[in-house]
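Participant: Be aware that the sequence shown starts at 0, since it is given in numbering that gives the first Met the number 0, and climbs by one per residue. By construction, the Cβ of each residue, glycine as well, lies at the ideal position given by its N, Cα and C atoms. The structure displayed is predicted, hence computed values, not measured ones. Before I ask anything, let me first share the structure, which is written out below as structure tokens.
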Amino acid sequence: MVVANVLAVPRASQKVSMTNERDAYTAEQVRRMLDYDPKTGILTWRHRSEHPRRWNSRYAGKPAGTKGKTGYVYIELRSGLPASAARIAWLIVTGAWPERMIDHRNGVRDDNRWENLRLADNSQNSTNKAKQRNNASGFVGVHFNRQNGKWRACVNLRRVRHDVGFFATAEEAAKARESYVKEHQGEFAPTDPERKRYEHHRDRAKDK
């Protein structure tokens with residue numbers, strides 16, 4: 000459902016600062032505005048006495064947020080201050096804005112159930128990703144090397160490319176890469192390496 004106010008998704012030129020979020024609203028303030036169901040991940044607007052009856056009849060008790068083109072849900076706490084629904088959920092549960100990025104364990108960007116959210120740095124968050132739409136091997140980080148006729152497995156960790164090795168089959172390369180990622184990234188290794196990446200609107204435009 001469409002939610003309140005004019006802007007619900009940040010424009011490309013409008014970056015949401017963690018500091019601005021913390022300075023703008025406390026956990027108690029946000030809890031008075033929104034209810035969060037940790038089992039479903041849905042945030043709903045609460046009845047707000049400071050708002051006119053028309054606003055409450057239209058929004059109170061209804062899901063808050065709009066899913067953007069990248070698949071993430073954003074909620075506008077006030078005009079001009081959109082924030083990630085996942086970060087708001089974290090604030091409501093823990094009482095503090097997250098100091099790092101929020102990673103979705105299953106890779107589904109609008110699945111904001113509490114069990115699906117965890118703190119991550121940029122490297123950990125990027126490791127838990129799906130395969131690219133132009134991937135020919137069928138596995139994340141596995142590519143065919145024409146020079147030696149073998150499948151190459153690679154991992155990017157903290158902006159550094161790590162070569163896992165060359166293998167006779169794509170399946171062997173994928174298994175070796177999976178073991179490598181689990182050893183170095185632990186719980187941030189993708190739970191479903193074969194899942195499809197989120198199809199960005201730019202990808203869909205290319206197909207037309």
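In terms of alpha-carbon separation, which member of R86, V163 and W113 lies closest to M100?
Facilitator: It is R86 whose Cα lies nearest to the Cα of M100.
Participant: Are R176 and V159 touching if we call contact CB-CB under 8 angstroms?
Facilitator: Contact flag unset, no.
Participant: Whose CA, out of F165, L90 and A23, lies closest to the CA of S78?
Facilitator: Ranking the options by Cα distance to S78, first place goes to A23.
Participant: In the DSSP assignment, what residue or residues form a beta bridge with K66?
Facilitator: According to DSSP, K66 bridges with V72.
Participant: Which runs of the alpha helix (DSSP H) spanning at least 4 residues fall entirely within the region 148 to 186, listed in chain order?
Facilitator: Listed in chain order, the complete alpha helix (DSSP H) runs (minimum 4 residues) inside the region 148 to 186 are 169 to 184.
Participant: Using only CA atoms, which one of F143, V163, G106 and V139 lies nearest to T69?
Facilitator: Looking at the Cα atoms, G106 is the closest of the given residues.
Participant: Pull up the DSSP beta-bridge partners for N144, would you.
Facilitator: Per DSSP, K149.
Participant: Considering only residues of the same chain and omitting the five flanking positions on each side of A26, which have a CB-CB separation below 6 angstroms?
Facilitator: Cβ neighbours of A26 beyond the five flanking positions: L90 and G94.
Participant: Does the Cβ-Cβ distance between A84 and N115 come in under 8 angstroms?
Facilitator: For A84 and N115, no; Cβs fall outside 8 angstroms.
Participant: Roughly how many whole angstroms lie between the Cα atoms of P81 and A88?
Facilitator: Roughly 14 angstroms separates the two Cα atoms.
Participant: Buried or exposed: which applies to Q131, given that a residue is buried once 16 or more other Cβ atoms fall within 10 Å of its Cβ?
Facilitator: Low confidence applies here, because Q131 scores a pLDDT of 49, under 50, leaving its location unreliable and the question unanswered by this model.
Participant: What separation, rounded to the nearest whole angstrom, lies between the Cα atoms of H50 and S56?
Facilitator: Approximately 10 angstroms between the Cα atoms of the pair.
Participant: How long is the line joining the alpha carbons of R121 and V163, rounded to whole angstroms?
Facilitator: According to the sequence as given, residue 121 is Asn; it is not Arg. Using only the alpha carbons, I get a separation of about 21 angstroms.
Participant: Per DSSP, what are the beta-bridge partners of D34 in this structure?
Facilitator: In the DSSP output, where bridge partners are listed per residue, D34 has T43.
Participant: Here's the rule I'm using: 16 or more other beta-carbon atoms within 10 Å means buried, otherwise exposed. How should H46 be labelled?
Facilitator: Under this definition H46 is an exposed residue.
Participant: Enumerate in chain order the residues of its own chain whose CB-to-CB distance from W150 is below 8 angstroms, with the five nearest sequence positions on each side excluded.
Facilitator: Here the set comprises S136, V141, H142, F143, N144, F165, F166, A167, T168, A169, E171 and A172.
Participant: Can you give me the C-alpha to C-alpha distance between W44 and N147, rounded to a whole angstrom?
Facilitator: Rounded to whole angstroms, W44 to N147 spans 58 angstroms at the Cα level.
Participant: Could you spell out where the alpha helix (DSSP H) holding R86 opens and where it closes?
Facilitator: It spans A84 to T93 - the alpha helix (DSSP H) in which R86 sits, taken as one unbroken run.
Participant: CA-CA distance, R108 and R53?
Facilitator: For R108 and R53, the distance between alpha carbons rounds to 32 angstroms.
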